[in-house]
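Student: Before we start, here is the structure in question, set down as structure tokens.
Protein chains in written order, with full-length UniProt numbering: chain D, 1 to 433; chain V, 1 to 433.
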């Protein structure tokens, strides 16, 4: 089931040709219609006609979330208000919100993107999609909604909350596809079982994950609970919303619709382009956005790109599941480290718990990292030698993962403070300012 | 500003001709595709070919909310699931919910209806509509949303809640049209003033009221607060959603889109048709609904129809603002009485408060009504004669309004229990079962 075979299965050459043409047009429009780009490009002495190849995109400066905030509310719009038909917005919890404006054509394109995505998940016109994403200024709900309408499936726009009603409706309506965040999915399964309903009995065909980071263990658990495959949906309000990239039946990466977005991976520290397969920060450029063309947006999401042809038949590049955010990154001795790398290592080692804290300090001009790890409560270390062995083993594993030797301390079970929200994983004691 | 002049300004003759053709088609489709109608019509011996004139609709039975509930979830759908693209639903707080199914064409029609409505309110493609109605299974949010998209204005789908953010966005985005329930509108104005923002300074052009009953006093207050005209929007999930009827610049009734709906007014007690201008229960028939054609739906809403040509130039019939529900109706000595009639009377009389309770009893085989009314706390009735005079005055006024003599008791201020939610206005002590 491929929604738009002509687009999704075109050759790399055709993709590049289309991308170049669209990129040139997008940069020109941004330069001509958005004061932000006009000023910035003029100052840097870089102009639309400098884009002769796709690689020339590197000449253009990045656009950051802060840039978008500073243009609040409508400063990034490239068309007169009359042409805008809908706006969405980020939550603005950490500053002025980012406002995203859509023309009628942008909404059509958004629908097309998510229609492709639903087909990737195996969802088509015979399906009943229960959309638990919130509607409102948040793009989550609407992206799925517009895609479902395009595909011609039945959309049940139930939105978030009312968990018992969600379950009743899944059962009564014969829902075949659920859209939820992984954590809400696990909660739904739990409540269903409390109500005496086996989530497997609902007969879901597919699950779409969005708006949250997750692990393969979580996917496995949810797939087991509902006996249905779960697919990753990626998107950002700044660029469009859900549908920028979606996972196909191969479940090993998300196809980015390259006729709408030009992806790059950079080293977040110096902005240099990284090669295929290398992990770095995802940069996205809108190739066909009328209302608000975003050129070289720093997503802060960490991933890698893979260009080999996919088993599903689609030719669009695949990005890995997002495994971190540059916000979470610590730079130590010039090396970028993510807490998730430490976590991954700890999960491989017996006798320790995945409760840890990374303490970065600079005692003698040089950076030092200490990783405090809780020992498992089941184990009593009476042998000093045994403790030393485990410590050494963790240090070896971490060095292998991040390329740096760190100091590991094994500490008592439950001695790291538990958090209600996001756990505090990193304590940076360096005075970096 | 008339969205669809050809439709909205056609002659009564043309309307009738179109309605008859569409009615015949709708009844035929319902009969052929929905088992509920098929069984019911067959049992009554009435068939699509019996509809030779518009008046013949009276041969058909009514459809009630209970009928729709019994067909939960999809029993009223007239097309295969494949043709349905969206479903909405009532809240189901008092039983199984009613599910409403839409084909793609139904959604287009819904958009058209609400586009007409927005134009009636003076809202067009240059406007920024902030939609505080909830999105989800509820039709309120989506009806406005689809209409706004059709009109080409900017829709800000902010949904309910986040009052401070609503105010910030009104100010920052330069919102020109607000959609809210009257009570939420008053609350918004109050919070804005707390934040030091005069609601008048926002520069609204229009306000759309929905999803709640209101009084002309409330409208006046809201219009004063925001210095903008407020228009009534009427709709039901069962028939479509908001947009069934909307108020025009004349602000004295709502135009029903008669090319989509056939309205009738009946006496709720016997089902007989009432004449133009007579207050009774509104009956609506979907003339052009593919997904779920509803024939002669008992809305339980009390209103009257007026066919004279409107100052705004539109020719569609106008219905009065809904002033009650048949649910609220008390039948006493064969006469239908609404608490709102009593309330209206009390508002005309000094020295009493609009806090009242209607007690219906049947002490000696005959119904009796007692109306308990709180005296104003400012007045001290030391003269028995004065009290008797006021009592008599109220009794006269009520008799004039409802046609029945009731017993009025003046009671102490604050002696009627206050309610957090809906006030308890009627206590029926009769054993009617």
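A virtual CB, placed ideally from N, CA and C, is assigned to each residue, including glycine.
Quick caveat, the model's predicted, so the values are computed rather than measured.
Indicate whether at least one CB of chain D lies closer than 8 Å to the CB of residue 82 of chain V.
Tutor: Position 82 of the second chain, counted from the start, is the residue given in the question as residue 82 of chain V. Yes, its Cβ sits closer than 8 Å to a Cβ of chain D.
Student: Between residue 87 of chain D and chain V, is the shortest Cβ-Cβ distance under 8 Å, so that the two count as touching?
Tutor: Translated into positions along the first chain, residue 87 of chain D becomes position 87. It does: the Cβ of residue 87 of chain D has a partner Cβ on chain V nearer than 8 Å.
Student: Between residue 62 of chain V and the rest of its own chain, which residues show a CB-CB distance below 8 Å, the 5 nearest in sequence each way excluded?
Tutor: Within the second chain, residue 62 of chain V is the residue found at index 62, counting from 1. Excluding positions up to five away in sequence, the list reads 271, 283, 296, 297, 298.
Student: Leaving out five residues on either side along the sequence, give the residues of the same chain with a beta carbon under 8 Å from the beta carbon of residue 165 of chain V.
Tutor: Within the second chain, the letter at position 165 stands for residue 165 of chain V. Excluding residues within five positions, the ones whose Cβ falls inside 8 Å are 158.
Student: Less than 8 Å separating the beta-carbons of residue 86 of chain D and residue 113 of chain D?
Tutor: As a first step, residue 86 of chain D is located in the first chain; it is residue number 86 there, counting from the start. As a first step, residue 113 of chain D is located in the first chain; it is residue number 113 there, counting from the start. Against a cut-off of 8 Å, the Cβ pair of residue 113 of chain D and residue 86 of chain D comes out as no contact.
Student: Could you please give the first and the last residue of the uninterrupted beta strand (DSSP E) stretch that includes residue 183 of chain V?
Tutor: Counted from its first residue, the second chain places residue 183 of chain V at position 183. Residue 183 of chain V: not part of any beta strand (DSSP E); member of the alpha helix (DSSP H) spanning 182-194, first to last residue.
Student: Taking the alpha carbon of residue 330 of chain D as the reference point, which residue from D:205, D:358, D:318, D:177 has its own alpha carbon closest?
Tutor: Counting from 1 along the first chain, the entry for residue 330 of chain D is found at position 330. Ranking D:205, D:358, D:318, D:177 by Cα distance to residue 330 of chain D puts D:358 first.
Student: By how many angstroms is the C-alpha of residue 249 of chain V removed from the C-alpha of residue 77 of chain V?
Tutor: Your numbering for residue 77 of chain V matches position 77 in the second chain. Your numbering for residue 249 of chain V matches position 249 in the second chain. Taking the straight line joining both Cα atoms gives about 36 Å.
Student: Counting only beta-carbon separations shorter than 8 Å, does residue 201 of chain V have a partner in chain D?
Tutor: For the purposes of this step, residue 201 of chain V is taken as residue 201 along the second chain, with counting starting at 1. Judged by the 8 Å Cβ criterion, residue 201 of chain V is not in contact with chain D.
Student: Which one of D:59, D:55, D:54 has the shortest CA to CA distance from residue 47 of chain D?
Tutor: Counting from one through the first chain, the residue named residue 47 of chain D turns up at place 47. Among D:59, D:55, D:54, the Cα nearest to that of residue 47 of chain D is on D:59.
Student: Below 7 Å between beta carbons is the criterion; list the residues of the segment 122-138 of chain D that meet it against any residue of chain V, in chain order.
Tutor: 125, 126, 135, 136, 137
Student: Between the segment 209-221 of chain V and the segment 170-178 of chain V, do at least 3 Cβ pairs fall closer than 8 Å?
Tutor: They do not touch, by the three-pair rule.
Student: Rounded to whole angstroms, what is the Cα-Cα separation between residue 155 of chain D and residue 102 of chain V?
Tutor: Position 155 of the first chain, counted from the start, is the residue given in the question as residue 155 of chain D. Position 102 of the second chain, counted from the start, is the residue given in the question as residue 102 of chain V. So the two alpha carbons sit approximately 10 Å from each other.
Student: DSSP has residue 57 of chain D in a bridge; who is on the other side?
Tutor: Here the question's residue 57 of chain D lines up with position 57 in the first chain. In DSSP, residue 57 of chain D forms no bridge with anything.
Student: Please name the residue in V:20, V:3, V:2, V:1 whose C-alpha comes closest to that of residue 259 of chain V.
Tutor: Locating residue 259 of chain V in the second chain gives position 259, where the first residue counts as 1. For residue 259 of chain V, the nearest C-alpha among the options comes from V:20.
Student: Output needed for residue 171 of chain D: all residues of its chain with C-beta closer than 7 Å, excluding positions within five of it in sequence on either side, in chain order.
Tutor: By one-based count along the first chain, residue 171 of chain D stands at place 171. Excluding sequence neighbours, residue 171 of chain D sits near 197, 202.
Student: Mind pulling the chain D residues with CB within less than 8 Å of residue 434 of chain V?
Tutor: Past the edges of chain V, shown from 1 to 433, lies residue 434 of chain V, and the structure says nothing about it.
Student: Does the beta carbon of residue 67 of chain D sit closer than 8 Å to a beta carbon anywhere in chain V?
Tutor: Taking the first residue of the first chain as position 1, residue 67 of chain D is located at position 67. No, residue 67 of chain D does not count as interfacial toward chain V.
Student: Can you give the Cα-Cα distance for residue 277 of chain D and residue 238 of chain D, rounded to whole angstroms?
Tutor: By one-based count along the first chain, residue 277 of chain D stands at place 277. By one-based count along the first chain, residue 238 of chain D stands at place 238. If you draw a straight line from the Cα of residue 277 of chain D to the Cα of residue 238 of chain D, it comes to about 25 Å.
Student: Residue 88 of chain V and residue 313 of chain V: beta carbons closer than 8 Å?
Tutor: Position 88 of the second chain, counting from 1, holds the residue named residue 88 of chain V. Position 313 of the second chain, counting from 1, holds the residue named residue 313 of chain V. Contact: no.
Student: Which of the residues in the segment 176-202 of chain V, read from start to end, lie with their CB under 7 Å from any CB of chain D?
Tutor: none
Student: CB-CB under 6 Å to residue 83 of chain V, same chain, minus the five flanking residues each way: which ones, in chain order?
Tutor: Here the question's residue 83 of chain V lines up with position 83 in the second chain. Cβ within range, chain order: 103.
Student: Please state if the CB of residue 72 of chain D and the CB of residue 96 of chain D are separated by a distance shorter than 8 Å.
Tutor: The residue given as residue 96 of chain D occupies position 96 in the first chain. The residue given as residue 72 of chain D occupies position 72 in the first chain. Yes, the pair counts as a contact, with Cβ atoms nearer than the cut-off.
Student: Rounded to whole angstroms, what's the CA-CA distance from residue 126 of chain D to residue 117 of chain D? Just pull it up for me.
Tutor: For the purposes of this step, residue 126 of chain D is identified with residue 126 of the first chain, where counting begins at 1. For the purposes of this step, residue 117 of chain D is identified with residue 117 of the first chain, where counting begins at 1. Roughly 16 Å between the two C-alpha positions.
Student: Does the beta-carbon of residue 303 of chain D have 16 or more other beta-carbons within 10 angstroms, so that it is buried, or is it exposed?
Tutor: For the purposes of this step, residue 303 of chain D is identified with residue 303 of the first chain, where counting begins at 1. Answer is buried; the Cβ neighbour count reaches 16.
Student: Beta-carbon separation of residue 406 of chain V and residue 395 of chain V under 8 Å?
Tutor: For the purposes of this step, residue 406 of chain V is taken as the residue at position 406 of the second chain. For the purposes of this step, residue 395 of chain V is taken as the residue at position 395 of the second chain. Closer than 8 Å, so yes.
Student: Rounding to the nearest angstrom, what Cα-Cα distance links residue 367 of chain V and residue 378 of chain V in this structure?
Tutor: As a first step, residue 367 of chain V is located in the second chain; it is residue number 367 there, counting from the start. As a first step, residue 378 of chain V is located in the second chain; it is residue number 378 there, counting from the start. Approximately 34 Å, taken between the alpha carbons.
Student: Around the Cβ of residue 400 of chain V, are there at least 16 other Cβ atoms within 10 angstroms (buried) or fewer (exposed)?
Tutor: As a working mapping, residue 400 of chain V is identified with position 400 in the second chain. It is exposed - the Cβ of residue 400 of chain V has fewer than 16 other Cβ atoms within 10 Å.
Student: Note down, in chain order, every chain V residue with its Cβ under 7 Å from the Cβ of residue 156 of chain D.
Tutor: Numbered from 1 along the first chain, position 156 holds the residue referred to as residue 156 of chain D. Neighbours of residue 156 of chain D on chain V, chain order: 87.
Student: Spell out a yes or no on whether the segment 316-331 of chain D and the segment 340-359 of chain D are touching, meaning 3 or more CB-CB pairs, one atom from each, closer than 8 Å.
Tutor: yes
Student: Going by DSSP, name the residue or residues bridged to residue 103 of chain V.
Tutor: By one-based count along the second chain, residue 103 of chain V stands at place 103. V:84, per the DSSP bridge assignment.
Student: Just mark residue 334 of chain V as buried or exposed, buried being the case when its beta carbon has 16 or more other beta carbons within 10 Å.
Tutor: Taking the second chain and counting its residues from 1, the one referred to as residue 334 of chain V is at position 334. Under this definition residue 334 of chain V is an exposed residue.
Student: For residue 183 of chain D, which residues in the same chain have their Cβ closer than 7 Å to its Cβ, ignoring the five residues on either side in sequence?
Tutor: Along the first chain, read from residue 1 onward, the residue named residue 183 of chain D stands at position 183. Closer than 7 Å at Cβ, skipping near neighbours: 212.
Student: Answer with buried or exposed for residue 409 of chain D, where buried requires no fewer than 16 other C-beta atoms within 10 angstroms of its C-beta.
Tutor: Translated into positions along the first chain, residue 409 of chain D becomes position 409. Exposed is the call here.
Student: Are three or more beta carbon pairs between the segment 130-149 of chain V and the segment 12-19 of chain V nearer than 8 Å?
Tutor: no
Student: Tell me the rounded alpha-carbon separation between residue 433 of chain V and residue 365 of chain V.
Tutor: Your numbering for residue 433 of chain V matches position 433 in the second chain. Your numbering for residue 365 of chain V matches position 365 in the second chain. Per-residue confidence for residue 433 of chain V stands at a pLDDT of 45, beneath the threshold of 50, marking its modelled position as unreliable; the derived number appears in the next sentence. Between residue 433 of chain V and residue 365 of chain V, the C-alpha separation is close to 14 Å.
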